[in-house]
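Numbering (the UniProt record's numbering) for the sequence shown: 1 to 261.
The beta-carbon is built from N, C-alpha and C at its ideal position, and this holds for glycine as well.
Computed from a predicted structure; not experimentally measured.
For reference, the structure is listed below as structure tokens.
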Amino acid sequence: MTDLHCHILPEIDDGSKGMDESIELILSAQKLGYKKMCCTSHYRAGRYENKNYDKILKKLRDQLEINKIDMELLEGNELFLDLDGLRALKEKKVKTLNRSNYILVEAIPGMTPMALKKSLERIIDLGYRPVLAHVERYPFINFKTLYKFKKIGVVTQVNLKSLRCKKEIYRWIDLNLVDILASDVHDKKYRNYELEDIIMEIDNKFGRKTRERLLMGNPEKIINNEDIEGTIDEKKISDTGIDDDNFIKCFFKRFKFRRST
Numbered sequence: 001m002t003d004l005h006c007h008i009l010p011e012i013d014d015g016s017k018g019m020d021e022s023i024e025l026i027l028s029a030q031k032l033g034y035k036k037m038c039c040t041s042h043y044r045a046g047r048y049e050n051k052n053y054d055k056i057l058k059k060l061r062d063q064l065e066i067n068k069i070d071m072e073l074l075e076g077n078e079l080f081l082d083l084d085g086l087r088a089l090k091e092k093k094v095k096t097l098n099r100s101n102y103i104l105v106e107a108i109p110g111m112t113p114m115a116l117k118k119s120l121e122r123i124i125d126l127g128y129r130p131v132l133a134h135v136e137r138y139p140f141i142n143f144k145t146l147y148k149f150k151k152i153g154v155v156t157q158v159n160l161k162s163l164r165c166k167k168e169i170y171r172w173i174d175l176n177l178v179d180i181l182a183s184d185v186h187d188k189k190y191r192n193y194e195l196e197d198i199i200m201e202i203d204n205k206f207g208r209k210t211r212e213r214l215l216m217g218n219p220e221k222i223i224n225n226e227d228i229e230g231t232i233d234e235k236k237i238s239d240t241g242i243d244d245d246n247f248i249k250c251f252f253k254r255f256k257f258r259r260s261t
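Shown next as structure tokens:
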């Protein structure tokens, strides 16, 4: 598996507090079956700006080699989507996922759906593919907004631990509105790799193929700068009435059904 969203680089942002904690987190990820990790430290202009990123990444890689820990660490950032962040991306100060055209991004607090959509479109106009982090955490996100974001080319990522408390995500997965499942790990105490039960539940609910697509296939394609798998199930979307263009069609479809019963 490949983890596209984690904060294991020590003393870069609000993630790992030291090299020992980073090593412990990596070993926990390895036990789950992870082989690759994108070290997506926050990029927030004026606060987190990749200070010593390259130096610390090299040091952590060296420690893995010394301790014979088989884990590939890749570059990345989680970009805070304010104006300064967009400017930094344009100036190529932000690290994409393994130097691909995919960039992990997060909405700023209080952002409206329209403002977020405009920011995502600006990223696309710059030639990048935005991967919207932990979509389940934004209060305005629902079937309709996810559908609209995916239609313009946005890749959607959900945090694995969120599946314990927000069962609506399972329906999003069923509709192919989720592209990536990742850890968003920050520390060994709370936001950690205690995820085995969740991964097993995904397998039980959707089968091996879906689990592998969300945790292996799509992440691997992203770090290789390839198009991801998983097209939107337009029929299921139409049946839910999410697509505004199909609203009238859905209405008459339901009306016809009631008349025939």
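### Query
In whole angstroms, what is the alpha-carbon distance linking leucine 97 and lysine 236?
One C-alpha to the other measures close to 31 angstroms.
### Query
Taking only runs of the beta strand (DSSP E) that begin and end inside the region 95-147, which ones reach a length of at least 3 residues, in chain order?
You should have 102-106, 129-132.
### Message
I'd like to check one pair, leucine 120 with valine 154: are the Cβ atoms closer than 7 angstroms?
### Response
Taking 7 angstroms as the cut-off, the Cβ atoms of valine 154 and leucine 120 count as close.
### Query
Using CA coordinates, which residue listed in Leu104, Lys35, Asn50, Ala45 is at the minimum distance from leucine 9?
For the residues Leu104, Lys35, Asn50, Ala45, the minimum Cα distance to leucine 9 belongs to Asn50.
### Query
Is methionine 1 helix, strand or coil when you go by DSSP?
Coil.
### Query
For proline 10, which of helix, strand or coil comes out of DSSP?
Looking at proline 10 - three-state DSSP - the assignment turns out to be coil, as it is neither helix nor strand.
### Task
Please look up how many angstroms separate the CB atoms of isoleucine 199 and arginine 191, rounded, as I've assumed it's under 8 angstroms.
About 16 angstroms separates the CB atoms of isoleucine 199 and arginine 191; that is not less than 8 angstroms, and the two are not in contact.
### Query
Any idea what DSSP makes of lysine 36, helix, strand or coil?
DSSP places lysine 36 in strand when its eight states are reduced to three.
### Query
Straight-line CA distance for leucine 116 to isoleucine 66?
When rounded, the distance between both Cα atoms is 43 angstroms.
### Query
Hey, would you say threonine 2 sits closer than 7 angstroms to lysine 31, going by beta carbons?
Not in contact: threonine 2 and lysine 31 (Cβ atoms no closer than 7 angstroms).
### Task
For isoleucine 228, name the three-state secondary structure that DSSP assigns.
DSSP places isoleucine 228 in the coil class of the three-state scheme, outside both helix and strand.
### Task
With DSSP collapsed to three states, give me the class of lysine 256.
Because lysine 256 carries a pLDDT of 39, less than 50, the predicted location of this residue cannot be relied on, and no value is offered for it.
### Query
From glycine 46 to arginine 208, what distance separates their C-alpha atoms?
The alpha-carbon atoms of glycine 46 and arginine 208 are separated by roughly 43 angstroms.
### Message
Check for me: the alpha helix (DSSP H) holding leucine 177 runs from which residue to which?
### Response
Note, leucine 177: premise wrong, no alpha helix (DSSP H); not H, not E.
### Query
Using the beta-carbon count (16 or more within 10 Å), is phenylalanine 257 buried or exposed?
Reliability of the predicted coordinates at phenylalanine 257 is poor, the pLDDT of 35 falling under 50, and no value is obtained from them.
#### Entry: Sub-7 angstroms separation of asparagine 159 and aspartate 125 beta-carbons
No. Outside cutoff.
### Query
Taking the alpha carbon of aspartate 82 as the point to measure from, which residue in Glu106, Asp14, Leu74, Asn101 has its own alpha carbon closest?
The shortest C-alpha separation from aspartate 82 is found at Glu106.
### Query
Of all the options Asn176, Ala182, Ile103, Leu195, which has the alpha carbon lying nearest to the alpha carbon of asparagine 224?
The residue with the shortest Cα to Cα distance from asparagine 224 is Ile103.
### Query
Is asparagine 204 helix, strand or coil by DSSP?
The three-state secondary structure of asparagine 204, taken from DSSP, is helix.
### Query
So which of Phe140, Phe149, Pro113 has the shortest CA-CA distance to isoleucine 130?
Looking at the sequence provided, one finds proline at residue 130 rather than isoleucine. Nearest C-alpha to proline 130: Phe149.
### Task
Would you mind giving the Cβ-Cβ distance between leucine 214 and leucine 163, rounded to the nearest angstrom? I have them listed as a contact below 8 angstroms.
Their Cβ separation, rounded to whole angstroms, is 11 angstroms, which puts leucine 214 and leucine 163 out of contact at 8 angstroms.
#### Entry: Coil, strand or helix - tyrosine 193 by DSSP
Correct three-state label for tyrosine 193: coil.
### Message
Is it buried or exposed, isoleucine 69, if we count other Cβ atoms within 10 angstroms and call 16 or more buried?
### Response
With fewer than 16 other CB atoms across the displayed protein chains lying within 10 angstroms of its CB, isoleucine 69 is exposed.
### Boundaries of the beta strand (DSSP E) in which asparagine 77 is found, first to last residue
72-80 is the span of the beta strand (DSSP E), which, as asked, contains asparagine 77.
### Message
Taking 7 angstroms as the threshold (C-beta atoms), are glycine 15 and histidine 5 in contact?
### Response
Cβ atoms of histidine 5 and glycine 15: not closer than 7 angstroms.
### Message
Which residue wins for smallest C-alpha separation from glutamate 234, given the options Asn176, Glu194, Gly217, Tyr193?
### Response
Nearest C-alpha to glutamate 234: Asn176.
### Task
Taking the CB atoms as reference points, tell me whether threonine 40 and glycine 76 lie closer together than 7 angstroms.
Result yes, Cβ atoms of threonine 40 and glycine 76 sit closer than 7 angstroms.
### Query
Apart from the five residues on each side of it in sequence, which residues of its chain come closer than 6 angstroms, Cβ to Cβ, to glutamate 11?
For glutamate 11, same chain residues with a beta-carbon under 6 angstroms away, outside a window of 5 residues either side, do not exist.
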